[in-house]
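In our numbering, the protein residues as written are 0 to 134.
Presented below is the structure to which this report refers.
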Ligand SMILES: CC(C)(COP(=O)(O)OP(=O)(O)OC[C@H]1O[C@@H](n2cnc3c(N)ncnc32)[C@H](O)[C@@H]1OP(=O)(O)O)[C@@H](O)C(=O)NCCC(=O)NCCS
C-alpha cells in the first residue's frame, strides 16, 4: 500500500540521519500536480514530472528490503517513461545512492552547499545530478 502513512514509515526507517517526512507532508506532495509514486511501501520513488522533466523528490527502501534491486527497478521504470531530463539532489556522502544513480546513467551537474541539515546538527552539501536519454 502506498498510503502517505506507509511511505512516511519507510522514509523514517531509511533516512536515519535526516528529519523524516511526516505522513501529512507525503499526503500534501501526493496531491500536487505531476507527483507520482513508483513502487510500494517497502521501496519507492516519489517524483514530480512537468512537461517531460522529472525531479526525484525522494527515494527510499526499508532496511529489511535493501540490496535486492528494488530501487534500481523503480529507477528503470521511471527512466523508461520517455522523459527529456530527470534531476535529483543527493548528499555528497551518500555512497549507496550515488552508486545507484551513477550506474543508471546520472551525471553530476552541480553542487548545493549545506543543502542537508542532519539531525546531528551537521550540514552536508548536495550534488545535483541529471539524466537524459541517449541521443
Ligand atoms: C539508496 C537506496 C534507496 C538503495 O535502495 P536499494 O533498494 O537497496 O537499492 P538496490 O538494491 O536497487 O541497489 C542498486 C545498486 O545501488 C547501489 N547500492 C545500493 N545499496 C548500496 C550500498 N549499501 N552500498 C553501496 N552501493 C549500494 C549498488 O550499485 C547496487 O547495485 P548492486 O547491488 O548490484 O551492487 C537505499 O539504500 C536507501 O533507502 N537509503 C536511504 C535513503 C536514501 O539515501 N535515499 C536516496 C536519497 S537521494
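Backbone N, C-alpha and C fix where the C-beta goes; we use that ideal spot for every residue, glycine too.
No experiment lies behind these values; they were computed from the predicted model shown.
- Counting along the chain, residue 25 sits inside the alpha helix (DSSP H) bounded by residues 22-29.
- It is roughly 11 Å from the alpha-carbon of residue 10 to the alpha-carbon of residue 45.
- The Cβ-Cβ distance between residue 117 and residue 61 does not fall below 8 Å.
- The Cβ-Cβ distance between residue 89 and residue 108 does not fall below 8 Å.
- The count of Cβ pairs closer than 8 Å, one atom from the stretch 67-75 and one from the stretch 97-105, reaches three, so the stretches are in contact.
- Beta-bridge partners of residue 110 (DSSP): 126.
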